[in-house]
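Heads up, the sequence shown is in this note's numbering, so the first residue is 1106 and it goes up one at a time. C-beta atoms are modelled at their ideal positions from N, C-alpha and C, and glycine is treated no differently. Keep in mind it's a predicted model, so treat the numbers as computed, not measured. Comments concern the structure below.
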Amino acid sequence: MKQHRFNHWSEIKYLKDIVTNPMIEVGEYSYYSGYYDNHDFEDGCVRYLWGDDKSRKLFNPIEDHGWHLDKLLIGNYVCIASGVIILMGGNHNHHSEWITVYPFVEQIETSYEPKGDTIIESDAWIGMNAMIMPGVTIGEGAIVAAGSVVVKDVPPYTIVGGNPAKEIKKRFSDIEIEKLKEMRWFDWEREKIERAIPILSSSSINQLYDFYQREIKP
C-alpha cells in the first residue's frame, strides 16, 4: 500500500520542489494540493507524458521515432487542486478519421500527432477534479470550476465551468483586465509582491495600478 503523500488536506507542495520531468516547466510558488487524490503530481495529476524516470528507462520516442513531444508549461502562483487531471501527449495515436481508432503497434511510429504544449499561465486556479485536455492554454488569472472538462483555450481572468467548460463570467471589467495584463504582478520581485500583498488580497485594481506605476514601472 502506498504511503499517503500528503499529511492533511491543507498541505500543499510547491511544484518547483517535486517536478523532475524535463517535459514540465514550472514557475515560482505554483503548487499542487493533492491530499484527497493520493497521487503524485507527475504520476496521477499529469498523465501520459513521457519523461518521468520510468518512461525514460523504457523508451525514448524522440530518439526512437523522431516525435516532437508536447510540454506542460506552468507559470507563477498557479493553484492546482486535488483530483485535477492534465492529459498530455503520450497517447495521441488514435485517429477518428481512420477506419479503426485502435493503435496498432506497427503504426505507432507514424500515427503519433502532437497536440501542442499545454499551458497554464500565472495566477490561474484549477479547481478540484477538473480535467485539462491536451494542447489547451489557460490564461493568466483564469479560474476553472471544479469538475470541469477544458477542451479549448480559456481567456485571461475568465471563470469557466461545465463539460465542456464554457465561460461563466469575466472576473473583472475589460479595462481592469487590461491593467492586470499590463502589470503582471506575478512576475515582480518577491519583495515587491510581499509589499503589495494587502492590495493583491483586495479588489482594488486601481490601487494596485498606482503601486505598479510608483514602484515597478519607473
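Open item on the list: Whether or not the region 1253 to 1261 and the region 1232 to 1244 are in contact is what I'm after, with contact meaning three or more pairs of Cβ atoms, one per stretch, closer than 8 Å; do they touch?
Closed with: Touching, per the Cβ criterion.
Open item on the list: Between the alpha carbons of Ser1092 and Ile1321, how many angstroms are there, rounded?
Closed with: There is no way to answer for residue 1092, as the model of the chain reaches only from 1106 to 1323.
TODO: Over the uninterrupted beta strand (DSSP E) stretch that includes Glu1299, give me the two end residues.
DONE: What you label residue 1299 is simply residue 194 of the sequence shown in a count that begins at 1. First-last for Glu1299: Arg1295 to Leu1305, but that is the alpha helix (DSSP H), not the beta strand (DSSP E).
- [ ] List the DSSP bridge partners of Glu1130.
- [x] Against the sequence shown, residue 1130 aligns to sequence position 25. Answer is Leu1178, bridged to Glu1130.
Task: Beta-carbon gap between Asp1175 and Pro1219 smaller than 7 Å - done: For the purposes of this step, residue 1175 is identified with residue 70 of the sequence shown, where counting begins at 1. For the purposes of this step, residue 1219 is identified with residue 114 of the sequence shown, where counting begins at 1. Taking 7 Å as the Cβ cut-off, Asp1175 and Pro1219 qualify as a contacting pair.
Task: Cβ-Cβ separation, Arg1152 to Val1192 (assumed contact under 8 Å), whole Å - done: Working through the sequence shown from its first residue, we reach residue 1192 at position 87. Working through the sequence shown from its first residue, we reach residue 1152 at position 47. Per the sequence shown, the amino acid found at residue 1192 is Leu instead of Val. With 8 Å as the limit, Leu1192 and Arg1152 qualify as a contact, their Cβ atoms being about 6 Å apart.
TODO: Name the residue from Phe1164, Tyr1119, Pro1269 and Phe1146 whose alpha carbon lies nearest to the alpha carbon of Tyr1134.
DONE: Sequence index remark: in the sequence shown, residue 1134 carries index 29 (1-based). Relative to the Cα of Tyr1134, the nearest Cα in the group Phe1164, Tyr1119, Pro1269 and Phe1146 belongs to Tyr1119.
TODO: Under 7 Å Cβ to Cβ from Asn1126, same chain only, skipping five residues before and after it: list those, please.
DONE: Along the sequence shown, one-based indexing puts residue 1126 at 21. Contacts found: Glu1147, Leu1154, Gly1156 and Asp1157.
Task: beta strand (DSSP E) segment containing Leu1285, residue limits - done: Residue 1285 sits at position 180 when you count from the first residue of the sequence shown. Note, Leu1285: premise wrong, no beta strand (DSSP E); alpha helix (DSSP H) at Asp1279 to Met1288.
Task: Own chain partners of Leu1178 with C-beta closer than 6 Å, once the 5 adjacent residues on each side are dropped - done: By one-based count along the sequence shown, residue 1178 stands at place 73. For Leu1178, where only same-chain residues beyond five positions count, the Cβ hits under 6 Å are Glu1130, Asp1222 and Ile1224.
- [ ] Label Val1241 either buried or exposed according to how many other C-beta atoms from any shown protein chain fall within 10 Å of its C-beta, with 16 as the threshold for buried.
- [x] Against the sequence shown, residue 1241 aligns to sequence position 136. Under this definition Val1241 is a buried residue.
Task: Where His1113 falls, given that 16 or more other Cβ within 10 Å makes a residue buried - done: Here the question's residue 1113 lines up with position 8 in the sequence shown. Exposed, since its Cβ has fewer than 16 Cβ neighbours within 10 Å.
- [ ] From the DSSP output, read off the bridge partner residues of Gly1266.
- [x] For the purposes of this step, residue 1266 is identified with residue 161 of the sequence shown, where counting begins at 1. Residue pairing for Gly1266: DSSP places it in a beta bridge opposite Lys1271.
Open item on the list: Suppose the cutoff is 7 Å on Cβ atoms and the five residues either side in sequence are ignored; what does the same chain contact list for Ser1216 look like?
Closed with: As a working mapping, residue 1216 is identified with position 111 in the sequence shown. The beta carbon of Ser1216 is closer than 7 Å to those of Asn1198, His1200 and Pro1208 in its chain, skipping five residues each way along the sequence.
- [ ] Mind reading off the beta-carbon distance from Ile1185 to Ile1123? Whole number of angstroms is fine, and I expect it under 8 Å.
- [x] Against the sequence shown, residue 1185 aligns to sequence position 80. Against the sequence shown, residue 1123 aligns to sequence position 18. Actually they are not in contact, since the Cβ atoms of Ile1185 and Ile1123 sit about 12 Å apart, beyond 8 Å.
Task: Close beta carbons around Glu1116, own chain, < 7 Å, minus the five adjacent residues each side - done: One-based indexing of the sequence shown puts residue 1116 at position 11. Closer than 7 Å at the Cβ level, and outside the excluded window around Glu1116, lie Tyr1140.
TODO: Put Leu1154 into one of helix, strand or coil per three-state DSSP.
DONE: Start at 1 with the first residue of the sequence shown, and residue 1154 comes out as number 49. Collapsing the DSSP output to three states places Leu1154 in coil.
Task: Residues that DSSP places opposite Gly1252 in a beta bridge - done: Taking the first residue of the sequence shown as position 1, residue 1252 is located at position 147. In the DSSP output, where bridge partners are listed per residue, Gly1252 has none listed.
- [ ] State the beta-bridge partners of Asp1145 as determined by DSSP.
- [x] Translated into the one-based positions of the sequence shown, residue 1145 becomes position 40. In the DSSP assignment, Asp1145 is bridged to Gly1149.
Open item on the list: For Phe1111 and Ile1204, I'd like the C-alpha separation in whole angstroms.
Closed with: Translated into positions along the sequence shown, residue 1111 becomes position 6. Translated into positions along the sequence shown, residue 1204 becomes position 99. The alpha-carbon of Phe1111 is positioned some 45 Å away from that of Ile1204.
- [ ] Would you grab the beta carbon distance between Ile1326 and Lys1284 for me? Rounded to a whole angstrom, and I think it's under 8 Å.
- [x] In the structure as shown, the chain starts at 1106 and stops at 1323, and residue 1326 therefore has no counterpart that could be examined.
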